[in-house]
Structures are given as structure tokens and as C-alpha cells.
Amino acid sequence: MPGYQPSLTVVNPGLTDSAALARGFQLYRDNCAMCHGPDLKGLDNYSDMPVRDLTHFKQYKYGSTDQALYRTLVYGIPRTAMGNFQSIFSPAQIWDLINYIKSRRTD
Ligand code: HEC
Numbered sequence: 069m070p071g072y073q074p075s076l077t078v079v080n081p082g083l084t085d086s087a088a089l090a091r092g093f094q095l096y097r098d099n100c101a102m103c104h105g106p107d108l109k110g111l112d113n114y115s116d117m118p119v120r121d122l123t124h125f126k127q128y129k130y131g132s133t134d135q136a137l138y139r140t141l142v143y144g145i146p147r148t149a150m151g152n153f154q155s156i157f158s159p160a161q162i163w164d165l166i167n168y169i170k171s172r173r174t175d
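For the numbering used here, add 68 to where a residue sits in the sequence shown, where the first one is 1.
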């Protein structure tokens, strides 16, 4: 997978301030919800390629550690609609997104 090696050593800074989750929510709503659904559970009409329910971490195909999530978001998933966000978000924004998704985890 692209970015596998450089992502192995990244460290999640955690919730850097009290607005971190709100920032992550906004980033998700504006950039991810159109495919993954407002509740992270996918969209019925997004049949191009089914997306997993992102609240179920145990079902993630590409890993759910901080490092795996960073790799997925920054480098994307080849040959799928999941693009790469390397040139769109700063590392701080990537972590805000990851920490928002983690806050919605149910398993
Ligand atoms: C154009 C549609 C689209 C957009 C926009 C999009 N994704 Fe995805 N995403 C997908 C698809 C399709 C997959 C599944 C690929 C697969 O399973 O092979 C995916 C996979 C993922 C995965 C991996 C899940 C797993 O099983 O490991 C994560 C995490 C994820 N997306 C998060 C995000 C986040 C966060 C954003 C916003 C920054 C985002 N996606 C934006 C379509 C999209």
C-alpha cells in the first residue's frame, strides 16, 4: 500500500485542544460524509463501491490503528473511490479527522 512505510512511525498528538473534535466533525461533514454518510455508516445510494460502517473498527479492511488510519487518509486506497488527502489537509487536520472517527467508534 502506498505510504505504508512512512506511516509506521507517525504519532497521534491526541485531542490537542477542546475544539479538536468539533474541527474533526466539520472536516468529516464537508469532505467525507458525501460517501461515508453523515453518521459514518455509509449511504444506501452510494452503490458505486460499498463503504464499510466506519463506526465498526473491527471490520476495517485496511486497519484501524492510528498509523493505519493515517495511511488510509493521507495516501488513499488505490483503485477505489477513496482518494488521497495528502495535498488537501495538514497533518494536524488529518489527526483531527482520525480522532473524530475514533470518537464514534462502537467496537
Ligand atoms: C468519493 C467517495 C469517498 C470520499 C470523499 C471519502 N471516502 Fe473513504 N472510502 C471510500 C471507499 C469507496 C472506501 C472503501 C474502499 C474499499 O473498501 O476497498 C473508503 C475507505 C475508507 C476507509 C478505510 C476503511 C477500511 O475498511 O479500512 C477510511 C478510514 C475512510 N475511507 C475514511 C474517509 C475519510 C475520513 C474521508 C474524508 C476525509 C473519506 N474517507 C472520504 C470512499 C470515499
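The C-beta atom is built at its ideal place from N, Cα and C for all residues, glycine as well.
Anyone know if the C-beta pair for residue i and residue j falls short of 8 Å?
i: P70; j: P146; result: yes
i: T133; j: T174; result: no
i: L141; j: L95; result: no
i: Y168; j: G105; result: no
If you draw a straight line from the C-alpha of residue i to the C-alpha of residue j, how long is it?
i: P118; j: G110; result: 8 Å
i: W27; j: Y143; result: No statement about residue 27 is possible, as the shown extent of the chain runs from 69 to 175 and does not include it.
i: M102; j: T77; result: 30 Å
i: F157; j: D121; result: 23 Å
i: R97; j: G82; result: 20 Å
i: Q127; j: K170; result: 14 Å
i: D85; j: L137; result: 21 Å
i: S155; j: K129; result: 24 Å
On the premise that residue j lies in contact with residue i, defined as a C-beta separation below 8 Å, what is that separation, rounded to the nearest angstrom?
i: Y259; j: R172; result: With the chain covering 69 to 175 only, the question about residue 259 has no answer from this structure.
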